[in-house]
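In the UniProt record's numbering, the protein residues as written are 1 to 1120.
Below you can see the structure in the form of structure tokens.
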């Protein structure tokens, strides 16, 4: 057995211990021991012992399983929904306990869809599903998931082309039990025939869910049009046809194929395991040796496809229809596998240059011509784009209508400008200073890297074990220590027209098909799995020759400037200004809060997140707002931040009980409320400044909403060239329309240059000058955003639920015509008016003193000299109070007429927020989440996406049940939800005291989750401030309520609010019909159900219902 411990390079901030080893069966293992986790376990166990008299003393403490959301899908509905969704997130702290962390583990098996047999395509993905369905040691199908749920954890998995990743997190004390169950995946899975039949439905439902996703469609077209016989020509998703119907017709026994695949491919020497726990390395090593030594081996190294050749024919163009209204042209180049050259990052040099957004960039030149909205360049992290056969370098340009039609049309004029930029790079030569700058920034980010989510961390490291040397497992993705000009030049030489493939995904497909029919090499075909029509043709020869000629580039195309936002001051304010930290500690005694307010304003809920990956099928895309998706224009290595998990409060608090001291109020006056907290916990040279700019004019009407949203997008456009430099240097910003509360702005990252960027943002806001072409280009972007909103069925259903509840929420169909009619003159009149009636609430948190926070706020207020709106005049969100024993049904068709999926979302409104009720509903969710999923998803196979959870909507608590199905209609799904609710009291009654204690302990542990980073804590505080609740000890207080709850109280709560015959039940259901179930729009509803078949009907209902109470927290007096 080989072992390496001290040689593994890690960040100076990282206090964890690492050990790499290879087991006797040749499995790679990385062990990580976290001393903070160990300390948290010790304190937790001691506290459990102290409380044994009052409770059972169960040691099984875990966390609730969060419902997953989809990031970056549709700007309209996520802007409105994210703030309200925070109710389902776990809180973080509890008195009498130190905050604790989660343990986690991941297994990356070095085989994937490239290894699928041609006669059973999708088999790797199918096997990934089947391994969850029981083993010889643990034969129950839901044993693994049930164990994790009951012990504060969760699990997931995904399949890529050469990798299948299984991962979980769990309460630290239960890591051994989770590892034991996970290990059986790779020792003796059952793959039972009856489970096989049911789980093929899950795979098919998963596939149905992505048929109308543009990303997935173009990805599959690339596979389908790869060279004949190439390994890239795989249907990696799998569906019922590929996994059942076709094999059966050919006489193939799929279970035999599945078992044979498992036995031939799942071998220990192809596996990489990462385990993160609080136990000492020696103990973790003993567990791994005991539990994973029995994993079979002997099949040799993981398959390599380096000899397969490059998959795509150069000089070809493919045109395909887009589901959303968009035009996106992608120039694809093929590199050999670069995994061994990870220390030089040669491809990222090209990504940095081509995808740059600063002055003189390709993007700036395209914008100046009115041709493009965004540029994204680089190699995505997914298995389609990084594998042993090929590294796929994409340059993706989101086109305007003008860009689509310019020059020869079909977006080809923008490709010509791309080649002008590439030719400029060739003429000026390679720039070592640019590589050195990238290396310095990456080293700085690694030096001050903040802790990630445990499950995300082990998932990434397990994959990296297949790429990096043991000593570089942790820092390999940050490493730029070998400048290799020869390799960079060889890649630059591959960016030639003759080797390039072009994909144009466009909502103008029919027009372009007619225009380009009959051109050289043109054919029209249909991709069979997605039933996707497309046109294939040769890129015109004269264009290839023109692009290859290397003629002079346009004068506005130049190298990126040197970055002035790279920080150089990393000193810690808490060392030099201890008084600020002391004041923060004592200020808690002066902070009080009243009743909870609306759950609106989670800053992090609006971060620009990359689209969620499904089963590993992903590619680089643009953000929904048209901005490039990552630093350097390349797809980001880092996962977008999780939505904030702050919740809210419903009672007076004693903030002195906070585990960490709360922010203190420095100023409170007309026009400004300033909160500040200097960090003394994470000790990082980082900070965050959060702002909400409130005005009654911003969201007063659909026309006002259109103007405010356009203002936000124009500000983003004006900031792009400078803010991009800051972003590269680790200083990010975000700006968005919050809805009724106003405009949100957040700046976070390294603190040295943060005040400079904040000042620049507000200077540009107050002096915004927009010319006609820019106005039209950004307006086109906004029009598309509204036209594309609510395209995902589950998002559409969630939006309609909120539309039925919120007093003021403008429907996209009402705002869109206002956007389309906007003029530059209207904007010029609106801007000074709205900026003259503002109230700014802000939080400055991190490595900045109180004096610096005051100076920053004063600078902002000085720029907005007329912003004197009294705090009492800020607009407030309210929701309607549904009538007791009422049942309302909103019925809508899916926005996309080709959408296969239908949705039933059942919302049950409870009562005004208070901590006792919230604790009860949280505990109901903890107890019913896994049984609901197991019944409707695993056993009944109603759909791939099945969720339930608490909702806190502007001070009103409720509970949601959601099922998305490509097979069943909403009425059937609703009925199955009601069946579950009718039967669940029996399950509650059968719950033993021990099981109840385990669930309660799991929920308490979830609310004790430690902030992983400064930004986690910022988001937690900001959620309280932006929602005007101001209770910074809400988690502690809710935990105290949880400790006193009984099983009888939980049963009574369920019976009152959720059970079909509950006395206080108030139901609002949303039925969204896919194309196979449109007839349900006219179906007769059950007796007593009020049907709302139009937006106007929903509006009329809201007009006739009373509003819920306005709940806001009390504000302390500001400190002098």
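Don't be surprised by glycine CBs; every beta carbon is placed ideally from N, CA and C.
Burial state of residue i (16 or more Cβ within 10 Å)
i, result
"residue 206", "buried"
"residue 1128", "Given that the chain is displayed from residue 1 to residue 1120, the structure contains no residue 1128 and the question cannot be resolved."
"residue 252", "exposed"
"residue 772", "exposed"
"residue 899", "buried"
"residue 128", "buried"
"residue 372", "buried"
"residue 73", "The pLDDT assigned to residue 73 is 33, lower than 50, so where the model puts this residue is not dependable; a value taken from the coordinates is nonetheless given after this. With 16 or more Cβ atoms within 10 Å of its Cβ, residue 73 is classed as buried."
"residue 1111", "buried"
"residue 1022", "buried"
"residue 851", "exposed"
"residue 517", "exposed"
"residue 197", "exposed"
Endpoints, beta strand (DSSP E) assigned at residue i
i, result
"residue 166", "164 to 170"
"residue 846", "839 to 846"
"residue 893", "886 to 893"
"residue 961", "956 to 965"
"residue 970", "Per DSSP, residue 970 belongs to no beta strand (DSSP E); it is in the alpha helix (DSSP H), 970 to 989."
"residue 953", "945 to 953"
"residue 676", "672 to 678"
"residue 20", "17 to 22"
Proximity test, residue i beta-carbon vs the ligand ZN heavy atom, cut-off 7 Å
i, result
"residue 467", "The ligand ZN is not among the ligands present in this structure, which contains no ligands whatsoever."
Beta-carbon proximity list for residue i, same chain, < 7 Å, skipping 5 on both sides
i, result
"residue 1055", "985 and 1062"
"residue 280", "33"
"residue 563", "437, 725, 728 and 729"
"residue 1100", "none"
"residue 508", "327 and 404"
"residue 815", "702, 705, 706 and 786"
"residue 527", "220, 221, 224 and 534"
"residue 491", "335, 346, 347 and 350"
"residue 192", "133 and 134"
"residue 895", "790, 791 and 796"
"residue 857", "667, 672, 674 and 842"
Residues near residue i in its chain [Cβ-Cβ closer than 6 Å; skip 5 each side]
i, result
"residue 123", "116 and 261"
"residue 881", "1106 and 1108"
"residue 689", "747, 758 and 844"
"residue 945", "964"
Same chain only: Cβ atoms within 8 Å of residue i, ignoring 5 sequence neighbours per side
i, result
"residue 1129", "It is not possible to answer for residue 1129, since the shown part of the chain is limited to 1 through 1120."
"residue 27", "268, 269, 271, 272, 273, 292, 295 and 297"
"residue 768", "711, 714, 715, 718 and 831"
Beta-carbon separation (whole angstroms), residue i vs residue j, contact threshold 8 Å
i, j, result
"residue 923", "residue 1000", "6 Å"
"residue 323", "residue 214", "5 Å"
"residue 749", "residue 692", "Residue 749 to residue 692, Cβ: 20 Å. No contact."
"residue 165", "residue 462", "6 Å"
"residue 319", "residue 535", "4 Å"
Boundaries (first-last residue) of the alpha helix (DSSP H) holding residue i
i, result
"residue 535", "Looking at the DSSP string, residue 535 is not in any alpha helix (DSSP H); the run it does join, the beta strand (DSSP E), is 532 to 538."
"residue 1051", "1047 to 1057"
"residue 548", "541 to 548"
"residue 247", "246 to 249"
"residue 368", "362 to 368"
"residue 423", "412 to 428"
"residue 1004", "993 to 1006"
For residue i, the residue or residues it bridges with in DSSP
i, result
"residue 744", "692 and 736"
"residue 938", "For residue 938, which the question treats as bridged, DSSP gives no partner whatsoever."
"residue 394", "332 and 378"
"residue 926", "Residue 926 is not bridged to any residue."
"residue 321", "506"
"residue 873", "DSSP lists no partner for residue 873."
"residue 156", "167"
"residue 357", "DSSP lists no partner for residue 357."
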